[in-house]
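Note sheet for the following structure.
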Amino acid sequence: MKSIFFKFSLLSILLLLSNKPNVQEFQGQAFYSSKSGLELGNWGARMSEAQKKQMQARLKNRLEKTYVLNFNKEESLFDEEDKLDAIAGATDSWGKNFARGQQYKNVKNNALIQSQEFYGRKFLVKDELQVIDWKMGKESKQIGQYMCFKAMATIPTNELTWFDFSWRKLRNQANATEGEEPEVNMTLVEAWYTPQIPVSHGPAEYWGLPGLILEVNAGNTTMLCTKIIMNPKGEINLDAPDKGKVITKVAYQETVMGKMKEMRDNRGRRRGR
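76 is the number that the numbering used here gives to position 96 of the sequence shown; each next residue is one higher, with no gaps.
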């Protein structure tokens, strides 16, 4: 009888332990502020300082953004907070077509799922995570209450802006069709991560360091974590987006470039009449 009671008690304890949440599991939210410089190129040389300031104010909603990153050990969901145009008081429809959509990353499965909308069409981009060859540094600094360490990487610019469009990309594509190798621009990335939050997540395309990435400097853009909430009350959203035509990053770029080339050619034909 004692043997049966002992086995029953042991079984009860094991069942209770199996239903108890793993104390090592955690989730969190990181809020980021992103600021980009205004690149005007040769066009900017013909503008006055007043015109440059006016242009910067008009494009403020593209140059300054805020994001939130929800995460646990394996998954993260990165999304931009909605923002109205600084002057018109309405959403920036042109910028919206080439903005980063809701981005889901799973570092265990090496999976990227990102929702994109392009001129009313919804796409669901599914691909592998961008490979980043980080070079670990010894420099450290404090960001808020977290000790952070520096890491550097050089990444093809197109891999960081695959969802975006520029006329330079279209020109490079045209050169490639004529037998010339397309220009491959590289971006030097400086990241600061904290081992105090031992996850491999980060904002945007950045990931793969032994701690949450709190700051990124890439090109003319800086992303800085302004607030972290660990184990917030209630469940946070980590559901991957699931609506839209499934497509790869390369196929999505080809779709956008093809449509923009068509629009440019149609505009040229109308002018030639």
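The beta-carbon is built from N, C-alpha and C at its ideal position, and this holds for glycine as well.
Since residue i contacts residue j with CB under 8 Å, what's their CB separation in whole angstroms?
i	j	result
Ser14	Lys53	Going by Cβ atoms, the distance from Ser14 to Lys53 rounds to 25 Å, so no, they are not a contact pair.
Lys229	Trp172	With a Cβ gap of about 26 Å, Lys229 and Trp172 do not count as contacting.
Pro178	Gly191	6 Å
His181	Leu49	7 Å
Leu194	Tyr99	Not really, about 35 Å apart at Cβ, beyond 8 Å.
Lys106	Gly117	Between Gly117 and Lys106 the Cβ distance is about 33 Å, and since that is not below 8 Å, they are no contact.
Gly8	Ile208	6 Å
Phe274	Ala184	One cannot answer for residue 274 here, as it falls past the ends of the chain, which runs -19 to 253.
Cys128	Thr167	About 20 Å separates the two Cβ atoms, so there is no contact after all.
Measuring alpha carbon to alpha carbon, tell me which of the options ends up nearest residue i.
i	options	result
Gly199	Val226, Pro183, Ile208 and Val169	Val169
Glu139	Val111, Arg244 and Gln96	Val111
Tyr84	Glu108, Lys130 and Phe129	Glu108
Ser56	Val87, Tyr47 and Leu43	Val87
Gln233	Ala133, Lys102 and Asp144	Asp144
Ala6	Met210, Leu218 and Ile227	In the sequence under discussion, the amino acid at residue 6 is Phe, which differs from the Ala named in the question. It is Met210 whose Cα lies nearest to the Cα of Phe6.
Phe51	Gln176, Asp113 and Leu218	Leu218
Glu61	Tyr12, Met166, Gln96 and Lys102	Tyr12
Asn90	Tyr186, Ala10, Val164 and Tyr47	Tyr186
Val164	Arg151, Gln176 and Ser16	Arg151
Asp113	Tyr47, Ala10 and Met132	Met132
Ala231	Tyr47, Glu215 and Gln96	Gln96
On the CB-based measure, 16 or more other CB atoms within 10 Å of its CB, does residue i come out buried or exposed?
i	result
Gln94	buried
Trp74	Confidence at Trp74 is low in this model, with a pLDDT of 48, below 50, so its placement is unreliable and the value that follows should be read with caution. Flag for Trp74 reads exposed.
Ser120	exposed
Arg244	exposed
Pro136	exposed
Glu242	exposed
Gln122	exposed
Leu189	buried
Thr134	exposed
Lys149	buried
Gly124	exposed
Val196	buried
Arg247	exposed
Bridge partners of residue i, per DSSP?
i	result
Asn50	Gln9 and Leu57
Asn86	Glu55 and Ala91
Glu108	Ala91
Gln122	Met127
Val196	Ala171 and Met203
Met116	Ala131
Met210	Gly8
Ser14	Lys45 and Met203
Phe78	BP columns for Phe78 are empty, so no partner.
Arg101	Phe98
Ile216	Looking at the DSSP assignment, Ile216 forms no beta bridge with any residue, so it has no partner.
* **Sufficient close CB pairs (3 or more, under 8 Å) joining the segment 238 to 246 to the segment 220 to 227** => A contact is defined here as three or more CB-CB pairs under 8 Å, and the segment 238 to 246 fails this definition with respect to the segment 220 to 227.
* Please determine if the segment 79 to 90 and the segment 202 to 209 are in contact, where contact requires at least 3 C-beta pairs separated by less than 8 Å. => The answer is no - the segment 202 to 209 does not touch the segment 79 to 90, with fewer than three Cβ pairs under 8 Å.
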